[in-house]
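In the numbering used here, each residue's number is its place in the sequence shown (first place is 1) plus 67. Each residue gets a CB set at the ideal place from its N, CA and C atoms; glycine is no exception. One structure is given here, and the rest of the page talks about it.
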Amino acid sequence: MNRSFVFRILLFLFIHGLCWTGARAQFIPDPGMRNWLNGLAPGCVDGSGILDPQHPDLLLVEDASIFVNWQDLTGIQYLTNLRRLVMSHGTFPFLPAFPDSLEVLEMFTVPYATLPPLPPKLRVLRASTGYSFQGFQHPFPETLDTLDLSTLSPMNSLQGLNEGLRFLRLSCDSVNGLGPLPSTLQDLLLSTAQLECLPPLPIGLQTFLGGVPNVPCLPNMPAACTFSPFVPTSVCTIVDPCASAFGAITGAIHVDWNGNGVQDDPLFQVPVGHVAAQPGATVSGLDANGRFYLGVDVGTYQVLPTVNLQHMGSVSPASHVASVNTALAVDSLNDFLVTLLPNVTDLQVEAYVSLSRPGFNTSISFVARNVGSLPVSGSLQFAFDPTQDYQWSVPTADLVQGSSAVWDFTGLQPGHADTWACVLSTPATVAPGTPIQFMAELVTNDPDATPQDNVRTITDVVVAAIDPNDKRVNPDTISPAEVLAGVPLTYTIRYQNTGTTAAERVVITDTLPPGLDVQTFQYIMASHPCTWSIQDGVLHFVHENIMLPDSTSDPEGSQGFVQFRISPVPGLMLGDEVHNVANIYFDFNEPVITEPAVLVVTEALGVEDKEREQLLITPNPVRDRLMLHGAFGAWLQVDVLDGLGRRVTGLVGDVRSGLDVSTLAPGVYQLLATTKDGRRMVATFIRE
């Protein structure tokens, strides 16, 4: 073998070995690409097509543009200091990789079905005019700040946007799905005719421009955002198909109030219950038609109803299995039918009293709900504090005498409710700090199955000044025994529009603290129609189209409230405190954050100790009848709870003849007694 031949072989292996191993010299197959590289750095590619990536002039190239049609762009990845690249008016069939150093990429022609991995330092990506582009198959780099996409088809979805992105323009009519928007996004420009729903908008969004003609509503409206006239201005509600950015489970709870076996229930006027999706921590209340909406991720869920009706006969089915297979999919076949026990008379009363202030009016709201299965007639009897003066009511009271008012009602149908509003005034001579008491009681013509919820007693004090947006808990002190018994806590959130114009929308959020048992949540009432839900432990009340007047033009009409009940978790100990605040949003303004409502677990209050001493129960242990003794008069509301905190018996009324406990199983029980003026007493007894 002659030495010339051997030399040529070794030279061939040397050159191509360098290419294969990624060493300094690289082979550039396309002649056009060779010429382009030599135009950037003369002499960097030799006559054999070998590129020297370390050519001094090539290392100085930071900005480059390609405007011609070449078959192979191999070589562009070796521009190791390239910061900006513009590509347009070409076919570029083969694109192996981008330079890792690239920070700005502008592609005014995108002839590819997809792109290779984007450079790790890329800050700006502009891509347009691509008619075979399927989408991005690789992650967006964390450094990406600006993403501008237009006329890319048939791309139908944009997902995986990176945190750190601040500007997004998407003008592609083929896109019908948009994934979660990063929290860092500040400017959003959308123009697509196929998109029907939007993901939640980041709280810090500053600008939303463009046109989305098939999007009926927005998932939310960031407070500081400027919207173009072609963006919808209404916010999705519980019944809107776009209430969730991902997927949804919908359905309804129907109640057969009249026992005919048909889902012919009226508009709900009683809080029937709620529905949860598991796994997860999403709970939805019901709208006026019993419908629910659970926003969920893609997955399979068990849909579980919770019915708060005490006289429920059955709920069918006990649960549903719902599947959300793709983003924005909705599983809507999740209805439930609730039947009631027949021939049950049962009403319940709820009451709300605003704060009392010398020289100002006090507003009271009552609601009587028929939660039984028979029509009921009777009266609402309201005893108000003697320091208060009666002003007026809607409807007009049938009797006002002294410090009491009475409203009669007839034929209240199952599932329906009657409401009353009353206004009192606090004379200017009443000193702040004066204790005041109110009691509302439903008196029925027929015996009530659960009379203990026919009475509501509210105790408070006259205040010198009020915070128009506040949150309170009642009671605000409980004993360890009451914690174990699961005594319900009533939370009231008050709000007032102190702005200069009417508020179209009011949203209240409440992150429920660990000391409260989310599983025991019960919605009570609200001043205005609202929907509620719990997502990951955050309670939401949404008042859509509330049109709440401002306080200057309508001081009383500018106010509202919501109420709910919830029990403490059993693990609270003596001395523990549970702090809870509410965030109140009026339209697009920053939230008003209330002062915390504080619950204290204590036994160190002298008044409570005296009350405990005043309650004596005999005999103890007991077999048949338990007698109650103390300085509390003849009337009491008595609740007996078992070891799990469940109410097992009780009475409301005259307790002088004692309480029959003969049907209770042997064991230890907790007795809670409440007087008409709201004093609470606790005792423990043993049933033999």
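Using the C-alpha atoms, what's the distance from residue j back to residue i?
i: A194; j: T181; result: 12 Å
i: A570; j: R561; result: 15 Å
i: S432; j: D534; result: 20 Å
i: R91; j: A290; result: 55 Å
i: D354; j: V609; result: 11 Å
i: K188; j: L268; result: 26 Å
i: D584; j: Q602; result: 14 Å
i: L169; j: N148; result: 8 Å
i: T373; j: S386; result: 10 Å
i: R746; j: P542; result: 10 Å
i: A664; j: V365; result: 37 Å
i: T38; j: L556; result: Past the boundaries of the shown model lies residue 38; the chain is included only from 68 to 755, so the question cannot be answered.
i: Y558; j: R539; result: 6 Å
i: V306; j: W599; result: In this prediction, V306 scores a pLDDT of 41, lower than 50, which makes its location untrustworthy; the coordinate-derived value is nonetheless stated afterwards. Rounded to the nearest angstrom, the two C-alpha atoms are 12 Å apart.
i: E623; j: F234; result: 44 Å
i: S440; j: V322; result: 11 Å
i: A495; j: G426; result: 4 Å
i: R723; j: L703; result: 10 Å
i: D212; j: L162; result: 24 Å
i: A498; j: S423; result: 11 Å
i: E755; j: D709; result: 14 Å
i: T300; j: D654; result: 11 Å
i: T463; j: P280; result: 49 Å
i: K743; j: M288; result: 47 Å
i: N401; j: F359; result: 9 Å
i: L682; j: A532; result: 37 Å
With the cut-off set at 8 Å, would you say residue i and residue j are in Cβ contact?
i: V529; j: T493; result: yes
i: P160; j: I143; result: no
i: V461; j: T511; result: no
i: A740; j: V705; result: yes
i: L228; j: L248; result: yes
i: F628; j: F588; result: no
i: A507; j: A418; result: yes
i: F207; j: Y179; result: no
i: Q519; j: G717; result: yes
i: R236; j: L262; result: no
i: I320; j: G362; result: no
i: H205; j: L232; result: no
i: L376; j: G445; result: no
i: V434; j: A516; result: no
i: T501; j: T454; result: yes
i: V667; j: M640; result: no
i: I753; j: P658; result: no
For residue i, count neighbouring Cβ atoms within 10 angstroms of its own Cβ and tell me buried if that reaches 16, exposed if not.
i: V674; result: Any reading at V674 must be qualified, since the residue scores a pLDDT of 36, below 50, and its modelled position is unreliable; no value is offered.
i: W459; result: exposed
i: T88; result: With a pLDDT of 37 at T88, under the threshold of 50, the predicted position of this residue should be treated as unreliable, and no value is reported.
i: M222; result: buried
i: P409; result: exposed
i: I270; result: exposed
i: H122; result: buried
i: V370; result: buried
i: Q586; result: exposed
i: A348; result: exposed
i: N647; result: buried
i: R692; result: exposed
Whose C-beta lies closer than 6 Å to the C-beta of residue i among residues of the same chain, with five residues either side of it excluded?
i: S399; result: T317
i: D452; result: I503, Q504
i: E173; result: V153, R193
i: A649; result: K538, I560, I575, D577, T661
i: T406; result: D323, G380, S381
i: V171; result: R151, V191
i: Q226; result: G246
i: H83; result: Note that H83 scores 43 on pLDDT, short of 50, meaning its location in the model is unreliable; the coordinates nonetheless yield the value given after this. If we look at H83 and ignore the five residues flanking it on each side, it has no Cβ neighbours.
Apart from the five residues just before and just after residue i, which ones in its own chain have a Cβ nearer than 7 Å to its Cβ?
i: Y198; result: S220
i: Y590; result: P338, G352, W599, F631
Enumerate in chain order the residues of its own chain whose CB-to-CB distance from residue i is below 8 Å, with the five nearest sequence positions on each side excluded.
i: L104; result: I95, C111, V112, L118, L125, G142
i: T567; result: D617, T619
i: N437; result: V337, D413, L414, V443, L479, Q480, P481, G482, H483, A484
i: V388; result: T367, Y368, Q369, V370
i: L466; result: A472, V473
**Asked** Considering only residues of the segment 100-177, which uninterrupted alpha helix (DSSP H) runs meet the minimum length of 4 residues and lie entirely inside it, listed in chain order?
**Response** 123-126
**Asked** Taking only runs of the alpha helix (DSSP H) that begin and end inside the segment 525-596, which ones reach a length of at least 4 residues, in chain order?
**Response** 547-552
**Request:** With a floor of 3 residues, list each beta strand (DSSP E) that falls wholly inside the segment 265-299, ordered by position along the chain.
**Result:** 274-278
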